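Chains S and W, in that order, give the protein sequences. Numbering of the first sequence is given in the working numbering, commencing with residue 181 and proceeding in unit increments. Numbering of the second sequence is given in the working numbering, commencing with residue 14 and proceeding in unit increments. C-beta atoms are modelled at their ideal positions from N, C-alpha and C, and glycine is treated no differently. Here the structure is a predicted model, which is why all the values come from computation and not from measurement.
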Amino acid sequence: MREPTQKLDIKAIRGWRIEAVVEGILIGMGLLLVEYLLYHFQVARIISAMVWVLFGSCALFCIFDLTVLPKLRYKKWRYEVHDTEVLIGEGVLFYERIQIPINRVQHVTLKQGPISRMYKLATLEITTAASSVEIPYLSQHIAESISKDIKQFALLNDEHE
Amino acid sequence: MMNMSSLDQKYRRLHPSIIIFGIIRKLVAIVILSIIYLLLHQNYMSSLSSIAKTILAISIVFSLMRSYLFWKNFTYIFEDDLLIINSGMLFKSSRVIALHQIRNIDLRVSLLQRLFGVVELRMDAEGGEKESLLKFAAVTRNEVERIKSLLRYQEKENSIVWKQFLTPIFVYGITTLKVGYVSSFLMFCYFQFDFLDNSSFVLQVEEWLRTFDMPQRIGAIAAIFMLVSWMISVFFALFRFYRLRVYITGDSLQIKKGLVNTHTTTIKMKDLAAIRVEENILRQLFGLCTVYLDSISGGNEDESNSTILIPLIRKKILSRTLQTYFPTWDFTLISPIGNPADKNLFRSPKRSMLSFCILKCMLLGGCGLLTIQLPIPPSYVSLMLLLSVSISLIWGSLQYKDVVINTFQRNQLSFSTRFINKTTVFMGRHCIQQMVYRQNFIQSHNHLCTIMFTVRTSAFKTRYKVKHIDEKNASIINAWFSPAKMTDL
Chain S
181 MREPTQKLDI
191 KAIRGWRIEA
201 VVEGILIGMG
211 LLLVEYLLYH
221 FQVARIISAM
231 VWVLFGSCAL
241 FCIFDLTVLP
251 KLRYKKWRYE
261 VHDTEVLIGE
271 GVLFYERIQI
281 PINRVQHVTL
291 KQGPISRMYK
301 LATLEITTAA
311 SSVEIPYLSQ
321 HIAESISKDI
331 KQFALLNDEH
341 E
Chain W
14 MMNMSSLDQK
24 YRRLHPSIII
34 FGIIRKLVAI
44 VILSIIYLLL
54 HQNYMSSLSS
64 IAKTILAISI
74 VFSLMRSYLF
84 WKNFTYIFED
94 DLLIINSGML
104 FKSSRVIALH
114 QIRNIDLRVS
124 LLQRLFGVVE
134 LRMDAEGGEK
144 ESLLKFAAVT
154 RNEVERIKSL
164 LRYQEKENSI
174 VWKQFLTPIF
184 VYGITTLKVG
194 YVSSFLMFCY
204 FQFDFLDNSS
214 FVLQVEEWLR
224 TFDMPQRIGA
234 IAAIFMLVSW
244 MISVFFALFR
254 FYRLRVYITG
264 DSLQIKKGLV
274 NTHTTTIKMK
284 DLAAIRVEEN
294 ILRQLFGLCT
304 VYLDSISGGN
314 EDESNSTILI
324 PLIRKKILSR
334 TLQTYFPTWD
344 FTLISPIGNP
354 ADKNLFRSPK
364 RSMLSFCILK
374 CMLLGGCGLL
384 TIQLPIPPSY
394 VSLMLLLSVS
404 ISLIWGSLQY
414 KDVVINTFQR
424 NQLSFSTRFI
434 NKTTVFMGRH
444 CIQQMVYRQN
454 FIQSHNHLCT
464 IMFTVRTSAF
474 KTRYKVKHID
484 EKNASIINAW
494 FSPAKMTDL
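This is the structure in structure tokens:
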């Protein structure tokens, strides 16, 4: 089976880390709010203990997501755009290889969130009639050039069909 | 290109009967509730408080106003290969749909609509989520014919290719595994609705049941629930599939069915994405199966987003029957044993048995172990554990046995797989939007993988999954799916 070869931008690791921090803070705040409400309305202690266990597990996962996971994710993430198909390989625990024939692509979207903008990166969303996949944290000029290539290949394929 | 502006000079509205449909439906619901109460020796209207009666009256007036405003604001026009629909009461919206994007036509006629000589026209457009369904709730027959001709769905000479007789519909109702859902719903009604619990009829039945010993009582309750559930299932099957006929009209396939509400679905052959054969455990024992169609932008929310083509058919004659409808498709996978194409079939390797069984053994075995908490002797716990492990092994080996893939045809992929029901799918290559190969730790160690196909069907995309196949076979499927280089074309 042909494996994709192109890697994401190295700054993707930083992007994922910032995402992990933001998610961790939001989830932590949410759980602390729940814990406060449980204390305020004097709900059974067992539920409160369960929330603390959840809080602890989330904290552990956040540390994992902040330190080890971004590097592993970066190592596994691969993509490749050919004149006939788009290949994507991703996933740490469950490795997935996605294959999309270029003539199935309906549209391509370039997206930039605040983190991407900060590092001059962009996310490329490839949409078919039934699904959509994202290639995150590509450097802006590469994302633009891939987007242009896909459009061109898709057009050529349509003409051939 | 045909210029249609000359045909439609102004916007059209739905049939005005739609205004009173809502109220009639509400009144019918009240009448049905009253009858149920009467059967249980109670009076529905006297059981309502005066406030509840006032709310009911106000809701009827509001529903009349809402229906009128909906009718007044819903207008449509076919103009220059476009369909423009204006709708909305508070928030006005205007939708423009290219006619070539409209894929399937569905006609539904309820008893009420039949009285007014109108039908409900549903069209499925490409893309979007729920918006892909275009629903014209009440249009006249003439208007339907006009719309059909604009969409190039003109009726040609009809030829019946399949008739569903009455006995198979009864068998379909009896063998459906949805009997379990119906029983659960009945139990829910019995325990939750006080009026059922307090009615003299139910009290009499309870009194009668008390005359039995405990084991007999449990058996009798189970038998009553099963009997009522089967009766309801058979009634629903009759309601849905009575007089089911399949016609082939030119390049389209038409399915007509229904006892009270008639339902006509028209699918263009070129929009056919997949043909699916489902065999639940009960039906498999009797060599019976159900055939579904997945079409581009089509599908029924009450039929797992597909359209039922044949509710019940003997598997022996299935391959021959389907071949007459779809001569360009290959159905050898239905009976692969002894078939010359057998050597082109891929099966799961023996080492995949572990992957098929391990998770089930852990889950079901865990459930079996949990019985230790129940006040039963330890021998029963061991029995439950043994039973749960045996079930998971049988289930896993059945799943292993049923994985078969055929990539022999260039434009068609056929495979069979099983979760609980055995599913055989024949899929057009042009409708597969993407393929995903997934590997977990155990699969990676055993050189296995799971492949998933996303197919372009209705608003709800359909995803098919084949678990634990050999990496080498996955490579062959990958090569089969990879488009030819442009230079090769």
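Taking 8 Å as the upper bound on Cβ-Cβ separation, chain W lies near residues Gly271, Leu273, Phe274, Tyr275, Glu276, Arg277, Ile278, Gln279, Ile280, Pro281 and Ile282 of the stretch 269-282 of chain S. Taking a contact to require three or more Cβ pairs closer than 8 Å, the stretch 481-488 of chain W and the stretch 458-468 of chain W qualify as touching.
W:Tyr477 sits in a strand when the DSSP states are folded into three classes. Residues of the stretch 241-265 of chain S with a Cβ closer than 8 Å to any Cβ of chain W, in chain order: Asp263, Thr264 and Glu265.
W:Asn99 sits in a strand when the DSSP states are folded into three classes. Unbroken beta strand (DSSP E) runs of no fewer than 3 residues, entirely contained in the stretch 125-167 of chain W, are found at 131-138 and 146-153, following chain order. Listed along the chain, the chain W residues whose CB falls inside 9 Å of the CB of S:Ala334 amount to none; the nearest CB is some 11 Å away.
Pairing W:Ser308 with W:Leu331 gives a Cβ-Cβ distance that is not under 7 Å.
Here DSSP, grouped into helix, strand and coil, assigns W:Arg230 to helix. Spatial neighbours of S:Lys191 in its own chain (CB-CB distance under 7 Å, excluding positions within 5 residues in sequence) are listed in chain order as Tyr299, Leu301 and Tyr317. In this structure S:Trp257 is buried. Its beta-carbon is surrounded by 16 or more other beta-carbon atoms within 10 angstroms.
Checking the DSSP bridge columns, you'll see S:Gly236 has no partner listed.
W:Thr470 and W:Ile385 have their C-alpha atoms roughly 47 Å apart.
Around the C-beta of W:Thr437, 16 or more other C-beta atoms lie within 10 Å, and the residue is accordingly described as buried.
With a 10 Å radius around the Cβ and a threshold of 16 neighbouring Cβ atoms, W:Tyr413 comes out buried.
Residues of the stretch 86-102 of chain W with a Cβ closer than 9 Å to any Cβ of chain S: none.
For the 7 Å CB-CB criterion, W:Tyr89 and W:Ile32 do not form a contact.
Neighbours of W:Pro496 across chain S, judged by C-beta separation under 8 Å: Thr264, Glu265, Pro281, Ile282, Asn283 and Asn337. In the three-state DSSP reduction, W:Ile45 falls in the helix class (H, G or I). In terms of Cα proximity to W:Phe369, the closest of W:Pro340, W:Ser405 and W:Leu346 is W:Ser405. DSSP, read as helix, strand or coil, puts W:Phe198 in helix. Contact of W:Ala487 with chain S by beta-carbon distance below 8 Å involves Met181. Interface with chain W (7 Å Cβ-Cβ cutoff): S:Ser311 is included.
Under the DSSP assignment, W:Asp415 falls outside any beta strand (DSSP E), being part of the alpha helix (DSSP H) whose first and last residues are Pro391 to Asp415.
In this structure, the CA atom of W:Leu95 is about 31 Å from the CA atom of W:Met78. In chain order, Met448, Val449, Tyr450, Arg451, Lys478, Val479, Ile482, Ala487 and Ile490 place their CB closer than 8 Å to the CB of W:Ile464, counting only its own chain and leaving out the 5 sequence neighbours on each side.
For the set S:Thr264, S:Ile295 and S:Val272, the Cα lying nearest the Cα of S:Ile282 is the one of S:Thr264. Using a Cβ-Cβ cut-off of 7 Å, W:Met244 does not count as an interface residue toward chain S, since no Cβ of chain S sits closer than that to its own.
Using a CB distance below 7 Å, the part of the stretch 285-314 of chain S facing chain W consists of Thr308, Ala309, Ala310 and Ser311, ordered along the chain.
Within its own chain, the residues whose Cβ lies closer than 7 Å to the Cβ of W:Ser242, once the five positions on either side in sequence are excluded, are Val192, Val195, Ser196 and Leu199, listed in chain order. Against chain S, the beta carbon of W:Val468 has neighbours under 8 Å at Ala310, listed in chain order.
Think of a sphere of 9 Å around the beta carbon of W:Asn453: the chain S residues whose beta carbon falls inside it are Leu273, Phe274 and Tyr275, in chain order. Among the residues of chain S, those whose CB is under 7 Å from the CB of W:Met448 are Gln279, following chain order. Under the Cβ criterion of 7 Å, W:Asn491 is counted among the residues facing chain S.
The C-alpha of W:Thr303 is placed about 42 Å away from the C-alpha of W:Arg223.
In this structure, the beta-carbon distance from S:Asp189 to S:Ser319 falls below 7 Å.
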